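Trainee: Numbering (the working numbering) for the sequence shown: 95 to 307.
All C-beta atoms in this analysis are idealised placements derived from N, C-alpha and C, irrespective of residue type, glycine included.
Keep in mind the model is a prediction, meaning the values are calculated, not measured.
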Amino acid sequence: MVPSPEGAIAGYFSSTVRRIDRRGLLIDIPRLDGEDLAVQSGQTLSMYVQIHGRMYEFESRVRSAELQILLDEPGAAKKTERRSFYRLMLSIPALMTIEPTSRPADDGEDEALEQPEPLTEEVSILDVSGGGVRIRTSAELAIGTQLHLEFATDRRPLRLKAEVIRSTATETGRGGVRHEAHCMFTEIQRGEQDEIVRFIFQKQREFSQRGVA
């Protein structure tokens, strides 16, 4: 996994190690949501790899970047705690609520005017981690939009506050547009984060046992 240039909370580009020996480390070009990571020779990449359930971090310099990426033989790796950003790609139904921004009263206007109702929409979570989610929505959400997401793991319901940090729009084959929003959890308790991480590991184990992942 390689952190996004926009920051780790925006997601991780994933890759596969094809070879590691004295000639160097050969990996596939990292991808995230169908997008290739732009890599140049001489650049240093920070990478994370999971081995026997433990996460390790290391850096290596890019020798060449063409159809695959060849890096210097990596040096010492250090154990790290990035468990909150493990991502699970799985469609989960959720309820999104966007709180309306307050509007100041005009001169002579009654301050007791009714505030607009919160906007509520059923959405789909496309992937989830302890740090945030990617959701599919009916319309584009502006960066910085504050919202609440309600969804359930296999054990308990969760209601978490989040902020949109990136939005994408993709044309579909029928001429429509698919809107997705990358959201960062802004007020998540450790117990809630641990529940999401536990849920992710449980699903990954189930997928592995079924030969899906």
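Do the region 178-193 and the region 162-169 meet, that is, are 3 or more Cβ pairs less than 8 Å apart?
Mentor: no
Trainee: Considering only their Cβ atoms, is the gap separating leucine 254 from isoleucine 282 smaller than 8 Å?
Mentor: In this structure, the beta-carbon distance from isoleucine 282 to leucine 254 falls below 8 Å.
Trainee: In chain order, what residues of the same chain lie with their CB nearer than 7 Å to the CB of proline 124, ignoring the 5 residues before and after it?
Mentor: Val96, Phe107, Ser108, Ser109 and Leu131
Trainee: Assign glutamate 274 to one of two classes, buried (16 or more other C-beta atoms within 10 Å of its C-beta) or exposed (fewer than that).
Mentor: buried
Trainee: Could you give the uninterrupted runs of the beta strand (DSSP E) lying entirely in the region 125-162, keeping only those of 3 residues or more?
Mentor: As far as the region 125-162 is concerned, its whole beta strand (DSSP E) runs of at least 3 residues are 138-145 and 148-159.
Trainee: How far does the beta strand (DSSP E) with serine 218 in it extend, from its first residue to its last?
Mentor: 213-222
Trainee: Would you please state the rounded distance, in angstroms, between the beta carbons of serine 135 and valine 156? I believe it to be under 8 Å.
Mentor: 6 Å
Trainee: Taking the continuous beta strand (DSSP E) assigned at glutamine 283, which residues delimit it?
Mentor: Taken as a continuous stretch (DSSP letters only), glutamine 283 belongs to no beta strand (DSSP E), as it is neither H nor E.
Trainee: Do the region 260-269 and the region 213-227 meet, that is, are 3 or more Cβ pairs less than 8 Å apart?
Mentor: no
Trainee: Given a threshold of 16 other Cβ atoms within 10 Å of its Cβ, counted over all protein chains shown, does threonine 239 qualify as buried or as exposed?
Mentor: Buried is the call here.
Trainee: Between the Cα of glutamate 289 and those of Tyr142, Tyr180 and Tyr150, spot the shortest distance and give me the residue it belongs to.
Mentor: For glutamate 289, the nearest C-alpha among the options comes from Tyr180.
Trainee: Can you give the Cα-Cα distance for aspartate 122 and glutamate 216, rounded to whole angstroms?
Mentor: 36 Å
Trainee: Compute the Euclidean distance between the alpha carbons of proline 251 and phenylalanine 293, then round it to the nearest angstrom.
Mentor: Each residue's alpha carbon lies about 12 Å from the other.
Trainee: From the DSSP output, which residues share a beta bridge with aspartate 115?
Mentor: Gly118
Trainee: Is glutamate 100 helix, strand or coil when you go by DSSP?
Mentor: coil
Trainee: Does isoleucine 304 come out as helix, strand or coil in the three-state DSSP assignment?
Mentor: The amino acid at residue 304 is misidentified as isoleucine; the sequence shows arginine. Here arginine 304 sits in coil by DSSP.
Trainee: For alanine 170, count neighbouring Cβ atoms within 10 angstroms of its own Cβ and tell me buried if that reaches 16, exposed if not.
Mentor: exposed
Trainee: Can you check the region 225-286 for any beta strand (DSSP E) of at least 3 residues that lies completely inside it and give the ranges in chain order?
Mentor: 226-231, 240-246, 251-265 and 271-279
Trainee: Would you identify the three-state DSSP class for glutamine 123, choosing helix, strand or coil?
Mentor: Per the sequence shown, the amino acid found at residue 123 is isoleucine instead of glutamine. Of the three classes helix, strand and coil, the one that applies to isoleucine 123 here is coil, per DSSP.
Trainee: Is leucine 235 near valine 258, with beta carbons less than 8 Å apart?
Mentor: yes
Trainee: Got a sec, what are the start and stop residues for the beta strand (DSSP E) proline 187 sits in?
Mentor: 182-192
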